[in-house]
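Numbering (the working numbering), first residue to last: 42 to 370. Just below is one structure, and these are the notes that go with it.
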Amino acid sequence: MTDVFASLDELLATLGGRAPFSSADSLSGSRFERVDRGSERLILKYVSVDDDWIMRACGDLNCRQLTLLESGLLDRLLGEIDNAVVAAAPFQSRHGHRGAALLMRDVGAHLIPAGGAPVDVDTHLRFLDRMAGMHAAYWGWRDDVGLMPLAHHYVFLTPTMAAIEAGLDAADPVPRAVAEGWAALRRSRPESAAALDELVAEPAMLASALARFDLTLVHGDWKFGNLGAAPDGRTVLLDWDRCGAAPPAIDLAWYLAVNCDRLPHSKEEAIDAYRGFLERRGIATAPWWDDQLALALLGAFLQLGWSKIDDAAEFGWWDDRLAEGMRRL
Numbered sequence: 042m043t044d045v046f047a048s049l050d051e052l053l054a055t056l057g058g059r060a061p062f063s064s065a066d067s068l069s070g071s072r073f074e075r076v077d078r079g080s081e082r083l084i085l086k087y088v089s090v091d092d093d094w095i096m097r098a099c100g101d102l103n104c105r106q107l108t109l110l111e112s113g114l115l116d117r118l119l120g121e122i123d124n125a126v127v128a129a130a131p132f133q134s135r136h137g138h139r140g141a142a143l144l145m146r147d148v149g150a151h152l153i154p155a156g157g158a159p160v161d162v163d164t165h166l167r168f169l170d171r172m173a174g175m176h177a178a179y180w181g182w183r184d185d186v187g188l189m190p191l192a193h194h195y196v197f198l199t200p201t202m203a204a205i206e207a208g209l210d211a212a213d214p215v216p217r218a219v220a221e222g223w224a225a226l227r228r229s230r231p232e233s234a235a236a237l238d239e240l241v242a243e244p245a246m247l248a249s250a251l252a253r254f255d256l257t258l259v260h261g262d263w264k265f266g267n268l269g270a271a272p273d274g275r276t277v278l279l280d281w282d283r284c285g286a287a288p289p290a291i292d293l294a295w296y297l298a299v300n301c302d303r304l305p306h307s308k309e310e311a312i313d314a315y316r317g318f319l320e321r322r323g324i325a326t327a328p329w330w331d332d333q334l335a336l337a338l339l340g341a342f343l344q345l346g347w348s349k350i351d352d353a354a355e356f357g358w359w360d361d362r363l364a365e366g367m368r369r370l
């Protein structure tokens, strides 16, 4: 359960010493402080559209993560997933937008270590099982609180986003990498780039196809940098800013794409494992699985294909699924 304070001042009144620091795995531009609360050493993370290029790219002007915490929607996950947030409070950003101060336990020691080594199989399978458990717990859920729209998953890693960020003179490295990656994609794989550019121009085409399926609560960013194992057995899952109602395979496809270098076995094995976990949670997959998976993999290729252009085998795996996904639109 997360305590939500009425104001930042009320939250800060419960804290002691504060000192700024940076997080090596944070790619969004958010600010962090180390703080004391009694004998506890905690982290205070400030998120707002002013500082966070991901929030800007996703149209998150009113801080969806705070909306999520205010709603109490995550309470049913507490037995299996730990979001590490113990308290939150709104604040007004320097440009007048609603931001959030998130008071978090320091779970750094429990997160997957940075690096390029494959994650061990048991840990990887536990993540897929917990992902399936989350999806089963919210099966059929429709967004009645105002979280991330389905189409917005497919607009935030595009050349348009990169051009907008360049116009803001933002210093974040990811938008620059997106621009360079898409340029390389168009040079070296023009046919694939042309198909993906269709979806960039009209993201509603993919979103509408995916919206035909049963929806659930998706997290949106199951990257290993957000994941870990808490001492109490729960899975640590951070950064809930891109969650919303969507088909479950969206989370699976992103997991495969963003963690591709560190998966301990093939993508096909991971897909089969997740499907089995979902079935064991009581969700019948036979009627919809192939169509939804093909579309979700297409979406993940749209999101991250630009980052794979220098790895022929990895790019080829995703490119092989492009035509199948486009055919199912």
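Cβ atoms here follow ideal geometry from the backbone N, Cα and C, with glycine treated the same way.
The region 156–211 contains no complete beta strand (DSSP E) run of 3 or more residues. Straight through space, the alpha carbons of Ala298 and Ser348 are spaced by roughly 10 Å.
Residue Asp313 holds the alpha-carbon nearest to the alpha-carbon of Ala327 among Gly340, Leu338, Leu339 and Asp313. Listed in chain order, the beta strand (DSSP E) elements of length 3 or more contained wholly in the region 210–289 are 257–259, 268–270, 276–278 and 285–287.
Annotation for Ala98: the continuous alpha helix (DSSP H) segment containing it runs Trp94 to Ala98. Between His165 and Leu304, the gap from beta carbon to beta carbon is short of 8 Å. Counted as a single uninterrupted DSSP element, the stretch harbouring Glu121 is not any alpha helix (DSSP H), since DSSP gives it neither H nor E. About 34 Å separates the beta carbons of Ala173 and Phe46, which is beyond the 8 Å limit, so they are not a contact pair. Here the region 181–192 lies against the region 275–290, with 3 or more beta-carbon pairs under 8 Å apart.
In the structure shown, Ile84 adopts extended strand secondary structure according to DSSP, grouped into three states. Here Val76 is actually not in contact with Leu152; their C-beta atoms are around 19 Å apart, not less than 8 Å. Looking from the CA of Ala60, the closest CA among Glu51, Thr43, Ser80 and Lys86 belongs to Lys86. Around the beta carbon of Val162, fewer than 16 other beta carbons sit within 10 angstroms, so the residue counts as exposed. Shown here, Phe73 sits in a strand according to DSSP, grouped into three states.
Looking only at Asp213, Met145 and Pro244, the smallest Cα-Cα distance to Met367 is reached by Pro244. According to the DSSP assignment, Gly140 belongs to the beta strand (DSSP E) that extends over Arg139 to Arg146.
Cβ-Cβ separation between Leu237 and Gly346: approximately 6 Å, consistent with a contact (criterion under 8 Å).
Here Glu365 really is in contact with Ala335; their C-beta atoms are around 5 Å apart, less than 8 Å. The region 135–154 and the region 264–276 touch, with no fewer than 3 CB-CB distances between them shorter than 8 Å. Per DSSP, the continuous alpha helix (DSSP H) segment holding Phe318 begins and ends at Lys308 to Arg321. Listed in chain order, the alpha helix (DSSP H) runs fully inside the region 328–356 are 330–345, counting runs of at least 4 residues. Comparing C-alpha distances from Leu83 to each of Asp91, Glu74, Ser89 and Thr257 shows the shortest one belongs to Glu74. Remark: C-beta atoms of Trp358 and Lys308 approach each other more closely than 8 Å. In the DSSP assignment, Ala130 falls within the beta strand (DSSP E) that extends over Val126 to Gln133.
A distance of 8 Å or more separates the beta carbons of Leu110 and Ala125. Judged by pairs of C-beta atoms under 8 Å, the region 246–261 does not touch the region 207–219, as fewer than three such pairs exist. Measuring C-alpha to C-alpha distances from Ala178 to each of Phe356, Gly120, Leu107 and Val88 identifies Gly120 as the nearest. Val241 and Thr43 have their C-alpha atoms roughly 37 Å apart. Contact annotation: Cys99 and Arg139 have beta-carbon atoms that are not nearer than 8 Å. Around the beta-carbon of Ala204, fewer than 16 other beta-carbon atoms lie within 10 Å, marking it exposed.
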